[in-house]
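If you're matching positions, the sequence shown starts at 25 in this note's numbering and goes up one per residue. Idealized CB from N, CA, C, for every residue including glycine.
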Amino acid sequence: MTACLLLLAAGVQAQVSSGREGIQVTSAGHTYSFAPVFRILYNATDPGMALKPAGIKKVEYNVLTWKVKDSSKADFVQKKINASMAGDGFDDRILRAKSDWRTANIHQAGESITLQAEGYRQHKDTVFFSFPATAGFSLSAYVLAGAKPYPVLHFRFKAPRPGFYSIGYTGAPAFPVAQAAAIWQPLIWQEKRVPDAAYLTPAFMAPLPTTMVNDGRNTLGVLASPQHLPFQPLPMLPNSQFGIALVNERGQVQPQLYAPIPGGYGSQMKQGDVFDFSLQLVTEPQDITHTYQHIAEKIFGFRNYRRNDIASLNTVLDNMTAYAMTDYAWFIDSLKGFAYSTDVPGAVKNVSSLNPLELALVRDDSVMFEKRAYPLAEFMLSREKFLFSLDSLQKIQSPSRKLKGPVAPLSELAALYNVFGRTNRFYLQMMEREYRGNRVRNLDVKEKGNNWINAMHLYKATGDTAYLAAARKMANEYLARRVHQPQTAFNDPFAGSFFFWPAFTNRWIELSQLYEITGDTAYLNAAVQGARQYTMFTWMAPAIPDSMVTVNKGGKAPMYWYLRSKGHAQMYYPEEKAPAWRLSETGLTPESSGTSTGHRGIFMTNFAPWMLRIGYYAKDTFLLNVAKAAVIGRYRNFPGYHINTERTTAYEKADFPLHAHKEQSVNSFHYNHILPMASMLIDYLVTDAVVRSRGQISFPAEYMEGYAYLQNYMYGSRPGTMYGVKDVQLWMPARLLATGSAELNYIAARKGNRLLLAFTNQSAAPVTSTVTLNPALVKTTAGSRITLLNGAAGKSHKLLPGQGAVKAAPLKGNVFSVTVPANGIAVVAVENAVPQVHFQQQILARVEDEGKDYGEIKAGNAKALLFKLGAYGRRLFLYLEDDDNIWRSVRLHYTDAAGKERQVTDAAYPFEFTVPLRQAYPVQCWLSLTGTNGRVVTSEKITLGN
Numbered sequence: 025m026t027a028c029l030l031l032l033a034a035g036v037q038a039q040v041s042s043g044r045e046g047i048q049v050t051s052a053g054h055t056y057s058f059a060p061v062f063r064i065l066y067n068a069t070d071p072g073m074a075l076k077p078a079g080i081k082k083v084e085y086n087v088l089t090w091k092v093k094d095s096s097k098a099d100f101v102q103k104k105i106n107a108s109m110a111g112d113g114f115d116d117r118i119l120r121a122k123s124d125w126r127t128a129n130i131h132q133a134g135e136s137i138t139l140q141a142e143g144y145r146q147h148k149d150t151v152f153f154s155f156p157a158t159a160g161f162s163l164s165a166y167v168l169a170g171a172k173p174y175p176v177l178h179f180r181f182k183a184p185r186p187g188f189y190s191i192g193y194t195g196a197p198a199f200p201v202a203q204a205a206a207i208w209q210p211l212i213w214q215e216k217r218v219p220d221a222a223y224l225t226p227a228f229m230a231p232l233p234t235t236m237v238n239d240g241r242n243t244l245g246v247l248a249s250p251q252h253l254p255f256q257p258l259p260m261l262p263n264s265q266f267g268i269a270l271v272n273e274r275g276q277v278q279p280q281l282y283a284p285i286p287g288g289y290g291s292q293m294k295q296g297d298v299f300d301f302s303l304q305l306v307t308e309p310q311d312i313t314h315t316y317q318h319i320a321e322k323i324f325g326f327r328n329y330r331r332n333d334i335a336s337l338n339t340v341l342d343n344m345t346a347y348a349m350t351d352y353a354w355f356i357d358s359l360k361g362f363a364y365s366t367d368v369p370g371a372v373k374n375v376s377s378l379n380p381l382e383l384a385l386v387r388d389d390s391v392m393f394e395k396r397a398y399p400l401a402e403f404m405l406s407r408e409k410f411l412f413s414l415d416s417l418q419k420i421q422s423p424s425r426k427l428k429g430p431v432a433p434l435s436e437l438a439a440l441y442n443v444f445g446r447t448n449r450f451y452l453q454m455m456e457r458e459y460r461g462n463r464v465r466n467l468d469v470k471e472k473g474n475n476w477i478n479a480m481h482l483y484k485a486t487g488d489t490a491y492l493a494a495a496r497k498m499a500n501e502y503l504a505r506r507v508h509q510p511q512t513a514f515n516d517p518f519a520g521s522f523f524f525w526p527a528f529t530n531r532w533i534e535l536s537q538l539y540e541i542t543g544d545t546a547y548l549n550a551a552v553q554g555a556r557q558y559t560m561f562t563w564m565a566p567a568i569p570d571s572m573v574t575v576n577k578g579g580k581a582p583m584y585w586y587l588r589s590k591g592h593a594q595m596y597y598p599e600e601k602a603p604a605w606r607l608s609e610t611g612l613t614p615e616s617s618g619t620s621t622g623h624r625g626i627f628m629t630n631f632a633p634w635m636l637r638i639g640y641y642a643k644d645t646f647l648l649n650v651a652k653a654a655v656i657g658r659y660r661n662f663p664g665y666h667i668n669t670e671r672t673t674a675y676e677k678a679d680f681p682l683h684a685h686k687e688q689s690v691n692s693f694h695y696n697h698i699l700p701m702a703s704m705l706i707d708y709l710v711t712d713a714v715v716r717s718r719g720q721i722s723f724p725a726e727y728m729e730g731y732a733y734l735q736n737y738m739y740g741s742r743p744g745t746m747y748g749v750k751d752v753q754l755w756m757p758a759r760l761l762a763t764g765s766a767e768l769n770y771i772a773a774r775k776g777n778r779l780l781l782a783f784t785n786q787s788a789a790p791v792t793s794t795v796t797l798n799p800a801l802v803k804t805t806a807g808s809r810i811t812l813l814n815g816a817a818g819k820s821h822k823l824l825p826g827q828g829a830v831k832a833a834p835l836k837g838n839v840f841s842v843t844v845p846a847n848g849i850a851v852v853a854v855e856n857a858v859p860q861v862h863f864q865q866q867i868l869a870r871v872e873d874e875g876k877d878y879g880e881i882k883a884g885n886a887k888a889l890l891f892k893l894g895a896y897g898r899r900l901f902l903y904l905e906d907d908d909n910i911w912r913s914v915r916l917h918y919t920d921a922a923g924k925e926r927q928v929t930d931a932a933y934p935f936e937f938t939v940p941l942r943q944a945y946p947v948q949c950w951l952s953l954t955g956t957n958g959r960v961v962t963s964e965k966i967t968l969g970n
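As structure tokens, then:
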């Protein structure tokens, strides 16, 4: 007997045929059977559930394991962890706990018995299944076949005796691996990278609580209902109510769900205890990433859900940039880097010199240039690795003590070459050398120089079409081998090691750049594919309740266990209520595969501007909404690194980072992240304006590669266009203006006696606000006026969707009013107003200079560079590759503009010298070196400059 129950959606039909066959779902012309089959796992004593480092080659990842008494089932081999694997996010309780007989195979995590329904009865759209009373187990289940968007299966279990139980639903369709077009098991298994064992992903590590299989027609999954993944408390292992698996006992791929987790929350039961659980039977005629989107939106309520609320991004940028220049930001001048003591005591680590250089340019800030950008440029050209430590015995995260640069990636060298007008030829020489070789820059990841990405950046730096041809040839091979062929293993040569999320997807960020250069949609399509796969690392669960949440109970901010172990002091913030949406991690990612158990959501969402751009190019609203969710309305200043212990408003506060290192207790501070995060905000602000203007705002950019996931575009070195006004220079000094609404972000640019402003409304309601220009930064006169560059010129005109309005009128007292529609943009020009520019025009001035800018001195293996900084000046930078095992001190001799000899001595490693040169002249330099044996060596002389 077969009864059609309900047409769920176009082309999707659910029906029941028999008690044993269960629910039949027809979709895209294919029928699937979700059978009423369950597996009961039982342990008389606690099975010792614990996360352990999996032995997956090239991948750092922790998996659930359980103790076993039978050595034949002890199939888990704990990965050996070396000394470099330490610091924030690396939990010794997981990584270095005693190994014993364990399994990571959920099917072996207890005594097992399978129960299959022997009959059913139907009442309207509900099907009740009956099960045999095997071994005293009492199980009942029913299916709401008419539920939308998917049938809901509810089961009830009654414990026959005391012990630890787990009930697994194992009746979903199963497929041989070869028949699966794609799979997903969070967090690391995508495409066709099938898990090598029947791992169970706990609820707190599931961005959506399901595994999925796509057979080429439909995507199938078994989804925990939202009530089993509550918003409060913050999802963690101790409160995870279930786990999800993909590999069945026969080695097939089959979505499965086990609740409770053996040895986990709620698994210990007394005789007669009752356990209830609901799950949803997913069949979706879409690929896996679109099914992910569908579940996120239709079941967990994901949407364009965030707004500024607490501060505009411009206020955040002002606060964060000011913080970066305080002692709290822990920049060590002598080492030219940010302290990295959270992970590696005594070390410094930098990401890129382009971050502070961008801030100096865009914000017209000479102090940022002198104190951060220029020192970091010297660091990036001289150091061997991003992580620098003078302690030769330090092993944590594999630092380097050597000055064997450049650590700067080829793309950074290209950007510096372009920013300074292509006058410094040594950048080009370094690029060509890096292209021919290999280098280890971060951790122990070896990078090959000759690849399509580097060829692309060489083309951008030189205009040589041979490099573009090489980039396209290699990129097309990459598309064929990496993008169009689903990955079956963790062996992508472009990934290096699999730790940070960009390694797990294709190189979608760089593919989007190649699309921008060539217009070839093959690269855009590949970028969209990679970006959508990246969204599957962003949290879409738990669902966000429409309610207030009490945080900082008792006046205490959360105490992160790692900082407690390091002796940090408790932080205090007032107990208060905040809307749940503002506290949500939805749109954030964990830091990495290796630290995902402790870093639930990190605020370093550098992927967001890229998703915003690609979403705009591809008209993909999911990418647009994920990008916004990652950035908007989360903080007023640098928020530290992550959400980890409890929900809190602590990192929303403007003064949150203004504490000494040991006084931080809420989350870890990686001080080298401050400037990249500020750059990310600029990238987001500009990209948001580009997207909302539909391309009528455009600014050229350089690429900041950094390392890990810290990629962004760099603006400010070349002029752009705003609504037909060409050659406008991005100019956004601190406190340029104030608005009457936190919902308005803005970008600003200048051209002659015009100031152009684009306001973007981050809320779902129109905003009318006053705007007050800072008179110290913008000089206005009686002739100053406001004109609108988009939308209506006055309130009597009808607004077009997304466009703004402003009253065209003389400017009075540096104040005007603007109306910006919901999620819209308003672009205005302040006419006859003079921006007070102090630094930007000097550093960007094009000064022709073909003088020699690089030389080498054999003694000490010294390198000498002459920086040409536009009209701002010149710098001589000289450093030695030799260290204090060879030399006790080094003296630099050089000639000044009058030809007089000057000297400066460095008596401590690293041996390096910086000499400001205020004018162009040929500078002669040489060294006197005192060896550790007291012997003095005088080097040959070299001359740099005209």
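The way I'd put it, the stretch 611-622 doesn't touch the stretch 715-723; fewer than three beta-carbon pairs between them come closer than 8 Å.
The three-state secondary structure of Gln-418, taken from DSSP, is coil. Phe-518 places its beta carbon 7 Å or farther from that of Ser-616.
Between the alpha carbons of Thr-796 and Leu-835 lies a distance of about 10 Å. Shown here for Leu-587: same chain residues with a beta carbon closer than 6 Å to its own, the five before and five after excluded, namely Ser-689 in chain order. In the DSSP secondary-structure assignment, Trp-911 is bridged to Gly-955. Inter-residue distance for Gln-557 and Lys-82 is about 20 Å (C-alpha atoms, whole angstroms). Asn-338 is not bridged by DSSP to any residue. Annotation: Phe-188 to Gln-537 spans about 53 Å, alpha carbon to alpha carbon. The beta carbons of Val-306 and Gly-267 sit no closer together than 7 Å. Along the stretch 555-639, the beta strand (DSSP E) occurs as fully enclosed runs of 3 or more residues at 572-575, 600-603, listed in sequence order. Here DSSP, grouped into helix, strand and coil, assigns Gln-688 to coil.
In this chain, His-683 is not harboured by any beta strand (DSSP E), its DSSP state being neither H nor E. If you check the CB distance, Asn-478 and Tyr-502 do not come in under 7 Å.
Judged by DSSP secondary structure, Asp-300 falls within the beta strand (DSSP E) whose first and last residues are 298-308. CA-to-CA, the gap between Gln-948 and Tyr-903 works out to about 15 Å. Residue environment for Tyr-596: exposed (fewer than 16 other C-beta atoms within 10 angstroms of its C-beta). The C-beta of Leu-427 has 16 or more other C-beta atoms within 10 Å across all chains shown, which makes the residue buried. Secondary-structure assignment with DSSP links Leu-224 through a beta bridge to Ala-269. In this structure, DSSP gives Arg-463 an extended state, which the three-state scheme calls strand.
In the three-state DSSP reduction, Ile-541 falls in the helix class (H, G or I).
By the CB criterion at 7 Å, Pro-279 and Phe-153 fall outside the cutoff. The Cβ neighbour count for Asn-462, taken over all protein chains shown within 10 Å, is under 16; the residue is labelled exposed.
In the displayed model, Gln-864 falls within a helix according to three-state DSSP. The DSSP-derived three-state label of Asp-751 is strand.
Between the stretch 269-287 and the stretch 200-208, the count of Cβ pairs shorter than 8 Å is three or higher; the stretches touch.
Apart from sequence neighbours up to five positions away, the residues of its chain that approach Thr-489 with a beta-carbon distance below 8 Å are Tyr-483, ordered along the chain. In the assembly as shown, Leu-417 is an exposed residue. Its beta-carbon has fewer than 16 other beta-carbons within 10 Å. Counting only residues of its own chain and dropping the five nearest sequence neighbours on each side, Glu-308 has a CB closer than 7 Å to the CB of Asn-242, Thr-243, Thr-315, His-318.
One thing to note: Met-635 has its Cβ no nearer than 7 Å to the Cβ of His-697.
With respect to the 7 Å criterion, Ser-406 and Gly-429 are classified as neighbours on the basis of their beta carbons. Distance from the CA atom of Asn-668 to the CA atom of Phe-693, rounded to whole angstroms, is 13 Å.
Excluding its 5 nearest sequence neighbours in each direction, Asp-220 has C-beta neighbours in its own chain below 8 Å: Ile-80, listed in chain order.
Here Arg-465 is near Val-431, since their CB atoms are less than 7 Å apart. Each residue's CA atom was taken as its position, placing Pro-399 and Gln-265 some 50 Å apart. Between Glu-84 and Gly-618, the C-beta gap is smaller than 7 Å, which places the two residues in contact.
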